[in-house]
Amino acid sequence: MKLEGKVALVTGSSQGIGQAIAIRFAQAGAKVVINYRSHPEGAEATLSKVQSAGGECHLAEGYCDNDRGYAVGADLGMVEDVQRLIQAGIDHYGQLDILVNNAGIEKHAPFEAVTEADYEAVLNVNIKGVFFATQAMVRHLKATQRTGRIINISSVHEDLPFPNFTAYCVSKGGLKMLTRNLAVELGPLGITINNVAPGAIETPINTKLLNDPDTGVTKI
């Protein structure tokens, strides 16, 4: 994979899958916009790996930059933050070529106990945030008359039922359809969009669940 001259933005890249993606992109030569919400220390850890591709990095007041990485704090559940994140990457590097919609959350509760607040939290990050991040990216690519790549990190639970995580499954099912629809709409513009749906991978989002003997969850 050769990504010299490309700029990639990876949401939720202060830990887990997003962190690994950001590091791999940097190793392939890309400049990477790293996003975090509540873990600046995680963003700093990601950037310490990214800087091995060259340059130095010091995280301060929500922003960090070097020749390979730039970190921006933003809540993907808030549209204004999503738009600010995309614009920050464009302003800093002058372009974006790749968007990885990785940020996601889940809430564990029986269906009858799910609160409106928890439902909205999951849907806001997992589907609304993706929708508007992608929209901002597409507007940028069209305005600059360039092609681009969008990658959505979904879940096997876009198809596979997951009792007690109904809101999460709803969000991932929606993400699958969003990807399919936009693949048709954006393809003629030279903008590809793909969906990656991994099984359970032990990351901070599900470490507690996967290691709880009372849940009956089996690692995939």
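No gaps in the numbering here: position 108 of the sequence shown is 99 in the working numbering, and each next residue is one more.
By construction, the Cβ of each residue, glycine as well, lies at the ideal position given by its N, Cα and C atoms.
Small disclaimer: the values here were computed from a predicted structure and weren't measured.
Can you look up Gly33 in the DSSP assignment and give me helix, strand or coil? helix
Given this structure, state the Cα-to-Cα distance separating Ile81 from Phe156, to the nearest angstrom. 35 Å
Could you tell me how far apart the beta carbons of Ala65 and Asn26 are, in whole angstroms, since I believe they sit closer than 8 Å? 6 Å
Which runs of the alpha helix (DSSP H) fall wholly inside the segment -6 to 25 and span at least 4 residues, in chain order? Fully enclosed alpha helix (DSSP H) runs of 4 or longer: 7 to 18.
In its own chain, which residues sit with a C-beta less than 7 Å from the C-beta of Ser145, not counting the 5 before and 5 after it? Lys163, Leu166, Lys167, Asn186, Val187, Ala188
Answer yes or no: do Ala124 and Asn92 have a C-beta to C-beta separation smaller than 8 Å? Closer than 8 Å, so yes.
Taking C-beta to C-beta, are Ile182 and Ile118 nearer than 8 Å? no
Indicate whether Arg59 and Gln86 have their beta-carbon atoms separated by less than 8 Å. Contact check for Arg59 against Gln86 fails: the beta carbons are separated by 8 Å or more.
Which residues in the same chain as Cys160 place their Cβ atom closer than 6 Å to its Cβ, once the five residues preceding and following it in sequence are excluded? His148, Phe153
Endpoints, alpha helix (DSSP H) assigned at Ile77: 70 to 84
Within this structure, are the beta carbons of Ala112 and Ile89 separated by less than 8 Å? Their beta carbons are not under 8 Å apart, which means Ala112 does not touch Ile89 by this criterion.
Bridge partners for Gly64 per DSSP, in chain order? Tyr27
Cα-Cα separation between Gln6 and Ile184, rounded to whole angstroms: 23 Å
Span of the alpha helix (DSSP H), counted from its first residue to its last, around Arg171: 157 to 177
Ends of the alpha helix (DSSP H) at Pro180? Checking the sequence, you will find Leu at residue 180 rather than Pro. From DSSP, Leu180 is part of no alpha helix (DSSP H); its letter is neither H nor E.
What three-state label does DSSP hand Val105 in the structure shown? In this structure, DSSP gives Val105 a state outside helix and strand, which the three-state scheme calls coil.
Limits of the unbroken alpha helix (DSSP H) element including Gly120: Run containing Gly120: 120 to 134, per the alpha helix (DSSP H) assignment.
Excluding the 5 residues flanking Met(-8) on each side, which residues of the same chain have their C-beta closer than 6 Å to its C-beta? Counting only Cβ-Cβ distances below 6 Å, and skipping sequence neighbours, we find Ala19.
Taking all protein chains shown into account, do 16 or more other C-beta atoms lie within 10 angstroms of the C-beta of Gly33, making it buried, or fewer, making it exposed? Counting Cβ neighbours within 10 Å, Gly33 comes out buried, since at least 16 surround it.
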